[in-house]
Amino acid sequence: MNFAHSLIRPLFEVIKGSGSLGSIHVCRGNWTKDEKTLLSGSYDKLGRFFDSIDVDMLTLEFSTPRAGDIDSLFENNDLKDKITLGLGVINPRSDTVEDVDTVVKSAEKAMEYLPPERIWLNPDCGFATFSSRSMNTYDVIRQKMDVMSKAAKILREKHC
């Protein structure tokens, strides 16, 4: 972690100095649909690291139980006071299309820590990991993105 910090922290200092938003994504794997082979574990062990690199935005996977509970992200750190969260609410590795209510509930859980304007809904990762083999068909991708858009509209109407 010290080595990663020594590489990443200076980059975020440059990004902050440029007036741009600096974001970091923690990928748990996007090469297979087999959830059992992908990385798992809560973000509690990374909270202080994220806090120490002074990142503006965290783009994190939360669409599967492999990521743990969102509560763990905010344990023992000051992240809730300063970050924007790119909340992963769509699993690009699954053919199952998420339910709008489930996405809304995930965002509302994040609102226990962050105000709505600092929560962005997004897929866990990209849908097209390999140019010759995307994780899903375009039809499934479209349906998943529609769910995310509908959830965002509901959340804006309820909370903004």
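Remember, our numbering sits 2 above the position in the sequence shown when you count from 1. All C-beta atoms in this analysis are idealised placements derived from N, C-alpha and C, irrespective of residue type, glycine included. Computed from a predicted model, the values in this text were never measured in an experiment.
Check                                                                                         : Outcome
Alpha helix (DSSP H) segments (min. 4 residues) lying fully within the stretch 124 to 159     : none
Simplified DSSP state of E110, which is helix, strand or coil                                 : helix
C-alpha gap between R144 and G128, whole angstroms                                            : 13 Å
For T66, the three-state DSSP class (helix, strand or coil)                                   : coil
Which listed residue (V142, A69, L75, H27) has its alpha carbon closest to that of L167       : The question about residue 167 has no answer, for the chain in this structure spans 3 to 162.
Local conformation of V57 per DSSP, three classes                                             : coil
Nearest neighbour of K107, chosen from F14, S22, P118 [CA to CA]                              : P118
Per-residue burial, G21 [other beta carbons within 10 Å of its own, 16 or more giving buried] : exposed
Beta-carbon proximity of N4 to G49, cut-off 8 Å                                               : no
Contact set for S42: own chain, Cβ-Cβ below 6 Å, skip 5 residues either direction             : R68
Rounded Cβ spacing between I72 and K111 (contact assumed at less than 8 Å)                    : 6 Å
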